[in-house]
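Colleague: Numbering (my numbering), first residue to last: 13 to 871. Questions regarding the structure given below will be posed in turn.
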Amino acid sequence: GPGWVVLGVVKMLGGALLAYLAISNSVPAERAVDPNQMYLAAYEYVFPDLHWAVAATALFVVVSQLKINVTNAYAGSLAWSNFFARLTHSHPGRVVWVVFNTLIALVLMELDVFQALGQVLGLYANVAIAWMMAVVADLVINKPLGLSPPGIEFKRAHLYDVNPVGVGAMGIASVLSVLAWLGLFGADAQAFSALIALVTAFVSAPLIAWATGGRYYLARQPGPAVAGTRRCVICERDYESDDLARCPAYQGDICSLCCSLDARCNDVCKPQARLSAQWSAALRRVLPASATPFLESGLGHYLLLMGFIAPGLALLVWLLYHLGLNLLDDSAEAFAPALQLAFLKGYAALLLLAGLVVWWLVLTHKSRLVAQEESNRQTHLLMREIESHRRTDEQLQRAKQAAELANQAKSRYITAISHELRTPLNSILGYAQILDGDDSIPPHRRQAINVIRRSGDHLLSVIEGTLDIARIEGGKLALDVKALDFRDFLQQIVGMFELQARNKGLAFRYEPCGELPAFVRADEKRMRQILINLLGNAVKFTARGHIALRVAYRMEMATFEVEDSGPGISWEEVERIFDPFSRGSSAQGAGGAGLGLTISRMFADVMGGELTLRSEPGAGSTFRVRLFLPQVQGAAAARELPRRHPAGYQGARRRILIVDNERVDREFLITLLEPLGFVLAQAASGPECLALLADFDPDLVFMDLAMPGMDGWETVRRIRAGGHPDLPVAIISANAYERGIHSDDNGLGIGAGDFFLKPVQVAELLEWTGRRLALDWLEADQAPPPPVLPEGLVYPPAERLAALGRQVELGYVKGILACLDEIEAADPAHARFVAEVRGLTRNFRLEAITPLLEKAAHA
């Protein structure tokens with residue numbers, strides 16, 4: 013602060029004292045200003061020995077000079093770095109400028125130019141006084157009078173590059189005082205040059221501010237002050253709000269240093285406040301309109317640079333000229349004219365060279381501006397493209413959301429339709445299963461019941477297929493893993509597609525590799541769907557040749573290969589053939605939605621395996637499925653496979669409460685369970701169930717979910733809270749989604765194994781009931797009566813009988829009739845056999861065909 017002035021005055025008085033001591037010790041006045049002489053005179057009073065005085069003087073002077081030069085170099089580096097950072101938009105670092113100023117000090121000392129510098133500093137003193145008084149006048153006159161804004165703004169982003177109030181007042185005062193100092197206005201004016209600088213600057217500043225209306229102080233108004241710190245968008249450092257400005261180029265806050273160093277924005281925040289714009293505007297006001305095209309071509313920029321360089325070179329040459337005169341001493345007057353002419357010629361040469369260099373800089377600057385404009389144009393186009401992509405992405409997101417909403421609506425619709433279809437299908441399949449286990453059903457009607465069951469199962473598989481899509485989209489797919497008769501399962505698949513391939517003129521080969529396990533644990537429905545999709549596509553898209561199904565089993569990993577000799581798939585299509593709704597070029601004329609392979613791969617992934625494709629256009633395709641299918645031993649498999657329909661159970665009678673709002677579903681369960689000896693009660697709603705609970709005291713509850721009023725979940729919660737925390741409860745519902753969503757996290761002790769989807773599989777429901785109630789079932793004797801076989805039949809060959817037997821096992825009536833037509837066409841001697849089997853088939857007595865085929869095989 014101002015207190016440092018006191019110390020400075022004390023130091024100046026100390027210097028005067030040292031000069032007085034030097035002169036008192038007979039040191040000539042011209043040498044008394046030499047620090048060596050001053051401190052030597054002082055140390056001679058301190059040390060009685062002259063050697064000690066000289067050593068102390070040398071040490072002190074060396075240390076002082078080092079401190080002075082380094083300090084001045086650092087102080088100069090501040091000015092150099094700030095000035096050139098704004099001028100060149102580059103900051104090489106403060107150390108560079110410190111070294112640069114230190115080297116300047118070393119050169120000046122080595123060249124012994126202190127005398128010339130004394131004159132230069134005298135000239136500089138007038139300039140410094142003019143600058144200081146312009147600042148003083150602005151603070152003490154302009155601001156109180158309202159000629160300048162009340163605050164002090166330091167941020168470059170809000171200032172004009174040149175304010176004529178300060179620069180103009182300083183320039184006028186500097187020119188007049190320097191001319192006076194050079195003696196152009198006489199000796200008196202030369203003596204008062206500093207006073208001329210002081211008064212002129214002090215008066216000029218208010219006059220220029222009044223003339224310009226103070227409009228060159230602020231290029232734009234600063235925003236309101238914000239408390240706390242904010243972050244610069246470029247350097248990402250935190251600063252106080254006074255050190256930040258709003259930058260329209262970067263759309264954020266920018267610190268003063270980054271604002272000074274940025275060279276790409278071209279001052280878009282204040283285009284009228286740039287030095288080039290101010291200079292061009294000043295030239296247009298002075299020069300005629302016809303000169304405007306020349307100014308635009310770079311002439312204005314050239315004149316501005318030469319306006320600074322020419323006086324600077326003149327000052328440098330003048331300094332060197334006076335340095336040379338000082339070196340000549342007594343002969344200076346004789347050589348002065350020649351020396352003056354030589355320096356004048358040198359100045360002209362330097363000025364010419366400077367003009368060339370400046371014009372080159374102007375052209376380079378224009379090239380940079382053109383490149384910058386092109387870069388800005390490309391950046392603007394890029395930003396427009398980014399904005400266009402952003403709008404497109406928003407539209408895509410809205411379209412995606414609309415599609416997802418539509419997809420969710422579709423999934424809800426599928427779920428609702430599934431619920432409505434499952435409810436009547438529960439009665440159809442349920443009673444079909446009951447009739448299938450009834451020994452009183454005549455044999456010629458039992459096959460009709462089997463057809464009803466198979467048709468119902470097919471309808472159920474269609475419903476499950478549509479729900480699988482909804483489950484995939486909702487991420488709620490769950491596997492139903494249980495023991496599976498692996499060999500029988502494969503024979504069913506082979507029988508299903510062998511006839512289809514033969515009807516199309518294709519050779520079908522089933523090639524089991526090695527020993528296959530009898531039983532495995534798998535989700536039969538999903539695995540069947542995978543193989544049906546792959547084999548169905550092979551039959552559909554293969555026009556001639558063969559289809560092969562290879563099965564291998566090793567280390568609990570089953571490998572299925574479906575090979576065809578179809579048209580094949582190109583490499584481009586292989587990458588997207590598994591995408592939803594994607595179909596290859598060979599599928600354009602075929603039906604299908606393009607979901608089969610997608611669902612198959614997803615099933616394979618969920619089952620712990622993979623689905624891959626190897627194909628070559630024109631040579632066919634090979635789909636390879638690897639699934640984790642743990643082998644199950646015979647005893648364990650027997651426990652997991654569906655049991656035969658029981659006739660009852662031993663022990664005390666058990667009580668079961670059936671809760672369902674659909675009367676037909678309650679009657680089905682009563683029809684199923686009552687003959688087995690259970691004591692039953694039924695409720696049509698949740699409140700009715702709770703009312704019956706205390707009096708009936710059930711051992712087990714079958715609960716529906718979708719009931720009006722109190723739903724099944726709430727009813728179960730109240731049962732648990734009412735003192736029955738361990739009462740076994742089975743959920744029987746047509747809502748397939750509820751099984752995946754609430755079966756694992758309901759907190760009611762009801763797991764996925766306690767959840768049965770309508771239509772109910774009787775064997776599974778009875779097996780669960782027996783396990784939860786620890787029942788000892790009584791098995792019914794279901795051995796069929798021996799069939800009455802016709803006599804004198806001529807049987808077909810063994811391969812024909814095997815193909816016919818596979819269709820009988822599947823219950824595929826159309827397949828059986830097609831096989832019989834082939835047998836009759838091949839040899840008319842088999843006509844009686846064909847007629848017999850065809851009659852049994854048309855009467856749906858397929859169970860009578862099996863022993864006939866067994867007799868034919870042994871004939």
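All C-beta atoms, glycine included, are put in the ideal place defined by N, C-alpha and C. This structure is a prediction, so every number in the text was calculated from the model and none was measured.
1) Given this structure, state the Cα-to-Cα distance separating Phe59 from Tyr32, to the nearest angstrom.
2) Tell me the rounded alpha-carbon separation between Leu685 and Leu864.
3) Under a Cβ-count criterion, where at least 16 other Cβ atoms within 10 Å of its own Cβ denotes burial, should Leu29 be classed as buried or exposed?
4) If you follow the beta strand (DSSP E) that Ser633 is part of, which residue opens it and which one closes it?
5) Based on the DSSP secondary-structure assignment, which residues constitute the bridge partners of His558?
6) Can you tell me the Cβ-Cβ gap for Ile141 and Leu210, rounded? I've got them flagged as a contact below 8 Å.
7) For Val370 versus Leu287, is the C-beta spacing smaller than 7 Å?
8) Fully enclosed by the stretch 692 to 768, which alpha helix (DSSP H) runs are 4 residues long or longer?
9) Among Arg457, Leu437, Asp450, which has the Cα closest to the Cα of Ser467?
10) Does DSSP classify Leu315 as helix, strand or coil?
11) By DSSP, does Leu6 sit in helix, in strand, or in coil?
12) Taking a contact to mean a Cβ-Cβ separation below 7 Å, would you say Gly580 touches Gly630 in this structure?
13) Hey, is the stretch 174 to 183 in contact with the stretch 213 to 226, meaning 3+ C-beta pairs nearer than 8 Å?
14) Quick one: grab the DSSP three-state call for Ala795.
15) Pull up the distance between the alpha-carbon of Ile398 and that of Ala289, whole angstroms please.
16) Suppose the cutoff is 6 Å on Cβ atoms and the five residues either side in sequence are ignored; what does the same chain contact list for Gly195 look like?
17) May I have the straight-line CA-CA distance separating Val298 from Asn388, to the nearest angstrom?
18) Mind checking who Phe531 pairs with in its DSSP beta bridge?
19) Measuring straight from C-alpha to C-alpha, what distance separates Ala285 and Asn138?
20) As an exercise, report each continuous beta strand (DSSP E) stretch of at least 3 residues that is fully enclosed by the stretch 230 to 305, in chain order.
21) Between Asn94 and the ligand NAP, is there a pair consisting of the residue's CB and a ligand heavy atom that are separated by less than 6 Å?
22) Please tell me whether Ala868 and Leu813 are closer than 7 Å, where the distance is taken between their beta carbons.
23) For a quick check, are the C-beta atoms of Glu836 and Val849 less than 7 Å apart?
24) Report the CB separation of Phe768 from Ala742 in whole angstroms; it is logged as a contact under 8 Å.
25) Per DSSP, Leu669 forms a beta bridge with which residues?
26) Considering Tyr661, what are the terminal residues of the beta strand (DSSP E) in which it resides?
27) What's the call for Glu510, buried or exposed, on a 16-neighbour Cβ count within 10 Å?
28) Determine the contact status of Val728 and Leu669, defining contact as a CB-CB distance below 7 Å.
29) So, is Asn515 buried or exposed, given that buried needs 16 or more other C-beta atoms within 10 angstroms?
30) Got a sec, what are the start and stop residues for the beta strand (DSSP E) Met569 sits in?
31) Starting from Leu623, trace the beta strand (DSSP E) in both directions and tell me its first and last residue.
32) Does Tyr172 pass the burial test, meaning 16 or more other C-beta atoms within 10 Å, or should it be called exposed?
33) For Val563, does the three-state DSSP call read helix, strand or coil?
34) What does DSSP give as the partner residues of Gln643 in its beta bridges?
35) Taking C-alpha atoms, which residue in Asp254, Ser253, Glu252, Glu248 lies nearest to Tyr262?
36) In angstroms, rounded to a whole number, what distance separates the CA positions of Phe680 and Ile505?
Modeller: In this structure, then:
1) 19 Å
2) 36 Å
3) It counts as exposed.
4) 632 to 640
5) Ala519
6) 5 Å
7) no
8) 698 to 708, 724 to 733, 748 to 754
9) Leu437
10) helix
11) The chain is shown only over 13 to 871; residue 6 falls outside these bounds and no answer can be derived.
12) yes
13) yes
14) Confidence is the limiting factor: at Ala795 the pLDDT is only 41, short of 50, which leaves the residue's position unreliable and the question unanswerable from this model.
15) 32 Å
16) Gln202
17) 32 Å
18) Asp497
19) 29 Å
20) 241 to 243, 250 to 252, 256 to 259, 264 to 267
21) In the structure shown, the ligand NAP is absent, as is every other ligand, since no ligand is present at all.
22) yes
23) no
24) 6 Å
25) Ala693, Val713
26) 658 to 662
27) buried
28) no
29) exposed
30) 569 to 576
31) 622 to 628
32) buried
33) strand
34) Val532
35) Glu248
36) Spanning the two alpha carbons is a distance of roughly 32 Å.
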